[in-house]
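Q:
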Amino acid sequence: MLMRIKIGLVLLAVIFCSMANTRVYNPCDKDATAETRWLYSSMQRLIGAGVIFGHHDDLAYGVGWRGDAGRSDVKSVTGSYPALYGWDASGIELGHDKDINGIPFETQRQYIEDVYNRGGINTFCWHLNNPVNGKTAWDTTKNTVGQLLPGGACHHDWIDRLDKLAAYLKTLKGKDGEPIPILFRPFHELTGSWFWWGKDECNPEDFKALWRFTVNYLRDKKKLHNLLIVYSVGDNFRNEADFMERYPGDDYVDVVGFDTYCGNDITQFKITLNLQLAITQKMTAQHHKLAAIAETGYEGIPRSDWWTNDLMPVVSKYPISYMMLWRNGNPNHYYVPYPGQNSEADFKAMADSYRTMFQNRITRLSIYGNK
Numbered sequence: 167m168l169m170r171i172k173i174g175l176v177l178l179a180v181i182f183c184s185m186a187n188t189r190v191y192n193p194c195d196k197d198a199t200a201e202t203r204w205l206y207s208s209m210q211r212l213i214g215a216g217v218i219f220g221h222h223d224d225l226a227y228g229v230g231w232r233g234d235a236g237r238s239d240v241k242s243v244t245g246s247y248p249a250l251y252g253w254d255a256s257g258i259e260l261g262h263d264k265d266i267n268g269i270p271f272e273t274q275r276q277y278i279e280d281v282y283n284r285g286g287i288n289t290f291c292w293h294l295n296n297p298v299n300g301k302t303a304w305d306t307t308k309n310t311v312g313q314l315l316p317g318g319a320c321h322h323d324w325i326d327r328l329d330k331l332a333a334y335l336k337t338l339k340g341k342d343g344e345p346i347p348i349l350f351r352p353f354h355e356l357t358g359s360w361f362w363w364g365k366d367e368c369n370p371e372d373f374k375a376l377w378r379f380t381v382n383y384l385r386d387k388k389k390l391h392n393l394l395i396v397y398s399v400g401d402n403f404r405n406e407a408d409f410m411e412r413y414p415g416d417d418y419v420d421v422v423g424f425d426t427y428c429g430n431d432i433t434q435f436k437i438t439l440n441l442q443l444a445i446t447q448k449m450t451a452q453h454h455k456l457a458a459i460a461e462t463g464y465e466g467i468p469r470s471d472w473w474t475n476d477l478m479p480v481v482s483k484y485p486i487s488y489m490m491l492w493r494n495g496n497p498n499h500y501y502v503p504y505p506g507q508n509s510e511a512d513f514k515a516m517a518d519s520y521r522t523m524f525q526n527r528i529t530r531l532s533i534y535g536n537k
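Every number in the numbering used here is 166 more than the matching position in the sequence shown, counting from 1.
1) Strictly by DSSP, which residues pair up with THR289?
2) Does the Cβ-Cβ distance between PHE409 and ILE432 come in under 8 angstroms?
3) How big is the Cα-Cα spacing for ASP280 and GLN274?
4) Quick one: Cα of MET169 to Cα of ARG530, how far?
5) For the alpha helix (DSSP H) containing LEU376, name the first residue and the last one.
6) Could you check how far apart the C-beta atoms of PHE424 and GLN442 are, in whole angstroms? I think they sit under 8 angstroms.
7) Please classify LYS308: does DSSP put it in a helix, a strand, or coil?
8) Within a Cβ cutoff of 7 angstroms, which residues of the same chain sit near ASP436, ignoring the five residues on either side of it in sequence?
9) Flag this pair as touching only if the segment 416–430 and the segment 392–399 have three or more C-beta atom pairs under 8 angstroms; answer yes or no.
10) How big is the Cα-Cα spacing for PHE271 and GLU411?
11) Ignore the nearest five residues each way along the sequence and tell me which others in ASP323's own chain have a CB closer than 6 angstroms to its CB.
12) Measuring CB to CB, does MET516 end up less than 8 angstroms from ALA249?
13) Taking LYS196 as the reference, which of ASN496, SER242, TYR418 and ASP342 has the closest Cα?
14) In the DSSP assignment, find the alpha helix (DSSP H) that holds VAL281 and state where it starts and stops.
15) Let's test the definition: count the other Cβ atoms within 10 Å of the Cβ of ASP512 and tell me whether it reaches 16, buried, or not, exposed.
16) So, GLY340 versus TYR427, is the Cβ gap smaller than 8 angstroms?
17) Do you know how far the Cα of PRO503 is from the Cα of GLU510?
18) Please classify HIS222 as buried or exposed, where buried requires at least 16 neighbouring CB atoms within 10 angstroms.
19) Quick check on LEU260: buried or exposed, where buried means 16 or more other Cβ atoms within 10 Å of its Cβ?
20) In the DSSP assignment, find the alpha helix (DSSP H) that holds PHE513 and state where it starts and stops.
21) How many angstroms separate the CA atom of TYR501 from the CA atom of LEU394?
22) Between ILE258 and LEU328, is the Cβ-Cβ spacing less than 8 angstroms?
23) Taking the alpha helix (DSSP H) that PHE409 falls in, what are its first and last residues?
24) If ARG364 and LEU376 are in contact, beta carbons under 8 angstroms, what's the gap, nearest whole angstrom?
25) Let me confirm a value: TRP304 is counted as buried when at least 16 other C-beta atoms fall within 10 Å, else exposed. Which label applies?
26) Once the 5 residues before and after HIS354 are set aside, which same chain residues still bring their CB inside 7 angstroms of it?
27) Along the beta strand (DSSP E) that carries GLU461, what are the first and last residues, could you check?
28) Which residue comes first and which comes last in the beta strand (DSSP E) that contains MET393?
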């Protein structure tokens, strides 16, 4: 135990040294709040100190439970919460009181405040319904995006949805009333064709125009200066052209990443992940952005050593800021282990290896400054 503490202190000293000597870039929002700037700077300085580990809906439910105060499948296995927590804004734009996964927005707000107050990071995706026809995010009706642009038939409907989203985001406050920084990941998996904003559902120029309008509206019109914008493609890109075809420009993006999932062919997963990370690394270096695996996982985690033998040997080769595992929805749909699950010991070994950063490590680093 004493040796472990000594190693931890040495690594912490190395992290602080690295943080002091890393060149950092500013958020794309020139008026970003002090806490948001601190977070973005801290995430850049932590590159190489361990990949920030995240989990979607971590505090809200897990395998065999829902709404238990303080509970987390990640914490039950590792002894620590994740460092990054994913949430979904879907439903807020329609005035619903719960998100797409049944979490009351009042409860979600409290989770977000708790995460921030203990020094964790919050990120949002947005599986919003198609504003043109009211169908789900997975509706693939073509040319929806064009109708949401200025002059389009449903532009005012889009503004109404942005207004409702902005009103909710403005309620997310720290103890002193400061806006809580949020990693906002709109229109995710944009290179796929399973959402109404997908590659086959709109042309690149319309997509980029909607992205820019959305960011400008939230940032400049609604004065939300606590957002770091995440550009996250799907797992079907294989070259730089695929990755950047719909990139809206450096003034509208802070984090560049992708969503990718492991299937039954583990060897192919590792080959593809290597390629995806290499492309992402090149793009972030050229554009001075953070790199992330915005969503990943292996449903059911049937391999007992997947974490240390398959995932981390690839991820650890690249300067990735964070990776977020998908949610633990039910016994047939989960992406991190729970007590007694097949990969529990391996997951804990990964968490203890200092190749990753969980809440227990990141809290000590004051990533928001002296708030």
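In this text, a Cβ means the ideal position worked out from N, Cα and C, and glycines have one as well.
A: Per the coordinate set shown:
1) GLY252 and LEU349
2) no
3) 10 angstroms
4) At MET169 the pLDDT is 42, less than 50, meaning the model places this residue with poor confidence and gives no usable figure here.
5) 370–382
6) 6 angstroms
7) coil
8) Looking at the sequence shown, residue 436 is not Asp but Lys. Excluding sequence neighbours, LYS436 sits near ASP476 and VAL480.
9) yes
10) 35 angstroms
11) PRO297
12) no
13) TYR418
14) 271–283
15) buried
16) no
17) 5 angstroms
18) buried
19) exposed
20) 510–518
21) 25 angstroms
22) no
23) 406–410
24) Note that residue 364 is Gly in the sequence shown, not Arg. Not a contact, Cβ separation roughly 13 angstroms.
25) exposed
26) CYS291, SER398, ASP425 and ALA460
27) 456–462
28) Going by the sequence as given, residue 393 is Leu instead of Met. From DSSP, the beta strand (DSSP E) with LEU393 extends over 393–399.
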